[in-house]
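Colleague:
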């Protein structure tokens with residue numbers, strides 16, 4: 254889940270990272286007060302949205318006096334950036350920047366370790382820098398097991414050629430960002446730009462934080478301190494009506510999980526899950542050229558009615574021709590209960606399960622009982638001898654017929 | 178009316194026993210039985226939730242409760 258810039262900066266401030274003076278305003282009329290409170294010098298006003306592209310959209314503006322600040326705020330509030338409404342505006346003192354740096358900590362899925370990406374060419378698209386000036390980008394992996402040491406951060410900075418006092422001032426900032434990343438189960442902790450000012454100080458000009466959604470429960474206090482409510486999903490875009498219906502299906506019954514529904518434009522509905530199985534299966538469908546209508550996660554032994562309601566929801570989506578019901582090998586989810594749910598969902602949606610369920614591939618607990626049910630209704634099913642990848646291929650092939 | 182997959186039948190000789198009805202209501206994890214003054218009532222909308230745990234079988238005299246898998 255994403256944090257707004259002002260929330261990311263509040264977290265940075267707690268950890269002593271250097272920040273400029275700022276004030277958050279909820280309406281244009283507060284801009285004058287904020288301008289005065291920040292010392293009456295030039296300010297920058299930044300729309301608080303969960304999206305990039307603010308500058309291009311005109312949602313970042315500069316002002317040299319109070320009247321200009323109010324006018325800028327009035328202009329920014331109505332602007333939607335990538336369909337995101339402005340929540341508030343962060344008014345910050347404008348600084349004299351001498352040089353900009355980039356630092357981000359994220360997960361390297363292949364290395365299965367966090368990686369620190371540092372560049373002495375900040376403020377611009379890091380992918381572009383990595384392509385055009387690879388010598389200005391360092392990638393430094395670190396451990397989640399061995400205690401993190403400051404020299405790792407120093408190596409990351411030094412690898413781009415930064416030396417002397419700049420190195421000594423930057424390394425502690427990067428080290429602190431690494432610690433924040435680990436302490437709060439983040440998937441991204443980014444500062445861009447990290448600015449060197451004309452007077453030699455370094456400050457965070459913009460920050461980006463993504464918290465692992467599954468870790469919300471472990472960081473309730475932080476979220477409460479930042480004023481982030483339980484109902485704020487903080488996804489990249491607002492949830493669709495279909496996705497909200499998925500939330501209702503999941504929350505209507507405490508038994509198991511049948512949720513995390515994400516809407517896509519395809520014609521193959523997916524009832525998928527099991528310990529990472531959802532992502533694997535979604536990718537497998539795509540790899541075979543299939544077009545998923547949705548992503549979802551089922552597991553933890555959902556009740557028959559929960560599986561049924563999820564199935565009905567997916568089948569109600571315009572354009573969905575068939576569904577694929579696939580999971581990894583399950584131990585804590587009953588195959589027969591899910592089989593009952595998806596078949597009953599088809600029946601209640603007025604569809605023939607044999608025609609509608611392209612493939613049922615859930616091996617595991619109570620599979621013999623499940624397979625009896627599937628046979629009775631003529632549903633094509635397979636056991637664990639068919640891989641998830643091949644099962645996805647069979648489902649996609651049926652849609653092509 | 179039975180469920181789509183499962184039917185549960187209570188023999189008429191025990192169906193009006195309020196004690197057995199109470200036991201059945203307490204023991205079923207998916208609320209298939211409801212204890213009423215007139216005896217046990219089968220909650221039809223929950224029949225397909227049956228997890229085949231068989232906990233209801235010893236709550237009544239032997240053979241008086243039957244769980245029927247309609248897919249067999």
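Chains as they are written, first to last, in this note's numbering: chain H, 254 to 654; chain E, 178 to 249.
Glycine residues also receive a C-beta, built at the ideal position from the N, C-alpha and C atoms.
These figures come from a predicted structure and were not determined experimentally.
Taking C-beta to C-beta, are residue 483/H and residue 255/H nearer than 8 Å?
Modeller: Translated into the one-based positions of the first chain, residue 483/H becomes position 230. Translated into the one-based positions of the first chain, residue 255/H becomes position 2. No, the Cβ-Cβ distance between residue 483/H and residue 255/H is not below 8 Å.
Colleague: Beta carbon of residue 602/H, beta carbon of residue 577/H: below 8 Å?
Modeller: For the purposes of this step, residue 602/H is taken as residue 349 along the first chain, with counting starting at 1. For the purposes of this step, residue 577/H is taken as residue 324 along the first chain, with counting starting at 1. Going by C-beta atoms, residue 602/H is not nearer than 8 Å to residue 577/H.
Colleague: Verify the CB distance criterion: does residue 202/E have a CB-CB separation below 8 Å to chain H?
Modeller: Counting from 1 along the second chain, the entry for residue 202/E is found at position 25. No - not a single Cβ of chain H is within 8 Å of the one on residue 202/E.
Colleague: Using a Cβ cut-off of 8 Å (strictly closer), state whether residue 558/H contacts chain E.
Modeller: As a first step, residue 558/H is located in the first chain; it is residue number 305 there, counting from the start. For residue 558/H, the answer is yes, since a Cβ of chain E falls inside 8 Å of its Cβ.
Colleague: Answer with buried or exposed for residue 562/H, where buried requires no fewer than 16 other C-beta atoms within 10 angstroms of its C-beta.
Modeller: For the purposes of this step, residue 562/H is identified with residue 309 of the first chain, where counting begins at 1. With 16 or more Cβ atoms within 10 Å of its Cβ, residue 562/H is classed as buried.
Colleague: For residue 228/E, go through chain H and note every residue whose CB falls closer than 8 Å to its CB, in chain order.
Modeller: One-based indexing of the second chain puts residue 228/E at position 51. Those are 587, 590, listed as they occur along chain H.
Colleague: Assuming contact is defined by CB atoms lying nearer than 8 Å, are residue 547/H and residue 568/H in contact in what I supplied?
Modeller: Along the first chain, one-based indexing puts residue 547/H at 294. Along the first chain, one-based indexing puts residue 568/H at 315. Not in contact: residue 547/H and residue 568/H (Cβ atoms no closer than 8 Å).
Colleague: Could you check what DSSP says for residue 469/H in three-state terms: helix, strand or coil?
Modeller: Counting from 1 along the first chain, the entry for residue 469/H is found at position 216. Of the three classes helix, strand and coil, the one that applies to residue 469/H here is helix, per DSSP.
Colleague: Can you tell me where the beta strand (DSSP E) holding residue 656/H begins and where it ends?
Modeller: Residue 656/H lies beyond the stretch modelled for chain H, which goes from 254 to 654, so this question has no answer here.
Colleague: Over what stretch of residues does the alpha helix (DSSP H) that includes residue 434/H continue unbroken?
Modeller: Reading the first chain from its first residue, position 181 is the one you call residue 434/H. It spans 417–436 - the alpha helix (DSSP H) in which residue 434/H sits, taken as one unbroken run.
Colleague: Taking beta-carbon pairs under 7 Å, can you tell me which members of the stretch 614–631 of chain H lie near chain E?
Modeller: 625, 626, 629
Colleague: What would DSSP say about residue 283/H, mapped onto helix, strand or coil?
Modeller: The residue given as residue 283/H occupies position 30 in the first chain. Helix at residue 283/H.
Colleague: Work out the CA separation of residue 490/H and residue 357/H for me, nearest whole Å.
Modeller: As a first step, residue 357/H is located in the first chain; it is residue number 104 there, counting from the start. As a first step, residue 490/H is located in the first chain; it is residue number 237 there, counting from the start. C-alpha separation (whole angstroms): 23 Å.
Colleague: Alpha carbon to alpha carbon, how far is residue 554/H from residue 594/H?
Modeller: Translated into the one-based positions of the first chain, residue 554/H becomes position 301. Translated into the one-based positions of the first chain, residue 594/H becomes position 341. Rounded to the nearest angstrom, the two C-alpha atoms are 11 Å apart.
Colleague: Anything in the stretch 594–609 of chain H with a Cβ closer than 9 Å to a Cβ of chain E? List those residues in chain order, please.
Modeller: From the stretch 594–609 of chain H, only 594, 596, 597, 600 have a Cβ closer than 9 Å to chain E.
Colleague: Are the stretch 256–275 of chain H and the stretch 332–347 of chain H in contact at 8 Å, needing three or more beta carbon pairs?
Modeller: yes
Colleague: Would you kindly work out how many angstroms separate the C-alpha atoms of residue 228/E and residue 210/E, rounded to a whole number?
Modeller: Counted from its first residue, the second chain places residue 228/E at position 51. Counted from its first residue, the second chain places residue 210/E at position 33. Straight-line Cα distance between these residues: approximately 14 Å.
Colleague: Where are the alpha helix (DSSP H) runs, 4 residues long or more, that stay fully inside the stretch 568–640 of chain H, in chain order?
Modeller: 588–601, 606–609, 620–629
Colleague: Per DSSP, what are the beta-bridge partners of residue 354/H in this structure?
Modeller: Mapped onto the first chain, residue 354/H falls at position 101. Paired residues: 447/H.
Colleague: Can you tell me where the alpha helix (DSSP H) holding residue 393/H begins and where it ends?
Modeller: Locating residue 393/H in the first chain gives position 140, counting from the first residue. It is not in any alpha helix (DSSP H) - residue 393/H instead sits in the beta strand (DSSP E) that spans 390–394.
Colleague: In angstroms, rounded to a whole number, what distance separates the CA positions of residue 455/H and residue 485/H?
Modeller: Indexing the first chain from 1 puts residue 455/H at position 202. Indexing the first chain from 1 puts residue 485/H at position 232. Computed Cα separation, rounded: 33 Å.
Colleague: Provide the residue span of the beta strand (DSSP E) that contains residue 255/H, from first to last.
Modeller: Indexing the first chain from 1 puts residue 255/H at position 2. Following the DSSP letters along the chain, one finds residue 255/H in no beta strand (DSSP E), marked with neither H nor E.
Colleague: Since I believe residue 430/H is in contact with residue 444/H (beta carbons under 8 Å), could you give me their beta-carbon distance rounded to a whole number of angstroms?
Modeller: Stepping through the first chain from its first residue, residue 444/H is reached at position 191. Stepping through the first chain from its first residue, residue 430/H is reached at position 177. With a Cβ gap of about 6 Å, residue 444/H and residue 430/H count as contacting.
Colleague: What are the residues in the stretch 178–198 of chain E lying within 8 Å of chain H by C-beta distance?
Modeller: 181, 182
Colleague: Residue 221/E touches chain H at which residues, Cβ-Cβ below 8 Å?
Modeller: Numbered from its first residue, the second chain carries residue 221/E at position 44. Within 8 Å Cβ-Cβ: nothing; residue 221/E doesn't reach chain H, min ~13 Å.
Colleague: By the criterion of Cβ-Cβ separation under 7 Å, what are the contact partners of residue 137/E in chain H?
Modeller: The first residue shown for chain E is 178 and the last is 249, placing residue 137/E beyond what the model contains.
Colleague: Residue 396/H: which of 387/H, 406/H, 498/H, 388/H sits nearest, CA to CA?
Modeller: Looking up residue 396/H in the first chain gives position 143. Measuring from the Cα of residue 396/H, the nearest candidate turns out to be 406/H.
Colleague: Please list, in chain order, all residues of the same chain as residue 619/H whose beta carbon is under 7 Å from its beta carbon, the five residues on each side excluded.
Modeller: Translated into the one-based positions of the first chain, residue 619/H becomes position 366. Around residue 619/H: 587, 588, 589.
Colleague: Suppose only complete runs of 3+ residues qualify. What are the beta strand (DSSP E) ranges in the stretch 482–570 of chain H, listed by chain order?
Modeller: Runs of beta strand (DSSP E) with 3 or more residues, each lying fully within the stretch 482–570 of chain H, are found at 510–516, 521–526, 547–552, listed in chain order.
Colleague: From residue 304/H to residue 339/H, what does the alpha carbon distance come to, in whole angstroms?
Modeller: On the first chain, residue 304/H is found 51 positions in, with the first residue counted as 1. On the first chain, residue 339/H is found 86 positions in, with the first residue counted as 1. Answer to the nearest angstrom: the Cα atoms are 10 Å apart.
Colleague: Pick from 258/H, 260/H, 628/H, 375/H: whose alpha carbon is nearest that of residue 353/H?
Modeller: Counting from 1 along the first chain, the entry for residue 353/H is found at position 100. Looking at the Cα atoms, 375/H is the closest of the given residues.
Colleague: Measuring CA to CA, which of 366/H, 301/H, 400/H is closest to residue 336/H?
Modeller: Here the question's residue 336/H lines up with position 83 in the first chain. The shortest Cα separation from residue 336/H among 366/H, 301/H, 400/H belongs to 301/H.
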